[in-house]
Every structure is written in C-alpha cells, then in structure tokens.
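J.: 0 is the number of the first residue of the sequence shown in numbering that gives the first Met the number 0; add one for each residue after it.
Sending over a structure as structure tokens; questions will come in a sec.
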Amino acid sequence: MSPIIRVDVGWVLHVQASVAPLNVPIDDWGALGYMADRHMFERENGVLYYEEPSVRAATFLHTALLLRPFSDFNMVIGWSCAEMYMISSERPLAVKPADVHALTGQVRAQEIGLRDVARTIESWRISA
C-alpha cells in the first residue's frame, strides 16, 4: 500500500519554482489554495474521499487546467505536481510528453473529468 501524502500550497509553489520560469504571477490565490487542498478532501473526519494516489495526483492537473491559478504554465505546473505526487506515493510513472499533451488537451476541452485523468495516470505507472 502506498503512503498517503498530504501537501500544501508551499509544496505546489516549490514545484512551480522548479519547473516554470521565475516569477510566474499567481492570478488566483483561491484557485491555488483549492489546487493544493483538493487531494485532501475528506468525506468523513479522517477518511479521504479520493482514496487512490492516482486520483489524488489527478486533482493537481485537473484543477490547474480548469481554474488556472497561475498566469501561465498551468499545464506544466499541474502535471509536475501530479507526477511528483505519484513519485512521493511510491508510484513512479513512465509517460511520453505527447501523451501528457493529449491528456491536457482533453481536460481543457472538458471532454474528460477527474476520474478519467486518474485512470490515465494510473495506466502510466511503472509496474513493480
């Protein structure tokens, strides 16, 4: 079983600083807060709604693309957060950049939802 990783806005900003140009403005602090907190949503006290690491990872990409907390680079930041979350959850990925671009295009067009993103991320897992 993978560890349950909980991150915050500081973690998202750390990822942002490592993958995007310096000083990418934050357009919506509320959206950034939601991007950071969504993976931790609980249906009951202490029981996570998003049980699987791939769904929790998908929340970062899905939220970044639809709410656009940053003025630019939302895809890069959202995907990097999702990938880093999977690595931290001991579920590394093997994926081609073209596949990430195809996935993000579908999310932006609202052709697929969060669970579809999670299934796709899970399909990119490196088997142990």
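Glycine included, each C-beta is placed from N, C-alpha and C at the ideal position.
Please classify Glu82: is it buried, with 16 or more other beta-carbons within 10 angstroms of its beta-carbon, or exposed?
T.: Start at 1 with the first residue of the sequence shown, and residue 82 comes out as number 83. Glu82 comes out buried.
J.: Provide the residue(s) that pair with Val92 in DSSP beta bridges, ordered along the chain.
T.: The sequence position of residue 92 within the sequence shown is 93, counting from 1. The sequence shown places Leu at residue 92, not Val. The partner list for Leu92 (beta bridge, DSSP) reads Arg124.
J.: For Val106, which residues of its own chain have a beta-carbon under 8 Å away from its beta-carbon, when the five flanking residues on both sides are left out?
T.: Residue 106 sits at position 107 when you count from the first residue of the sequence shown. Once the five neighbours on either side are set aside, the close Cβ partners of Val106 are Leu60, His61, Leu64, Leu65, Val116.
J.: Just mark Ala57 as buried or exposed, buried being the case when its beta carbon has 16 or more other beta carbons within 10 Å.
T.: Residue numbering aside, residue 57 sits at position 58 when the sequence shown is read from its first letter. Classification for Ala57: buried.
J.: Below 8 Å between beta carbons: does that hold for Ala35 and Phe72?
T.: The count along the sequence shown starts at 1 and reaches residue 35 at position 36. The count along the sequence shown starts at 1 and reaches residue 72 at position 73. Contact flag unset, no.
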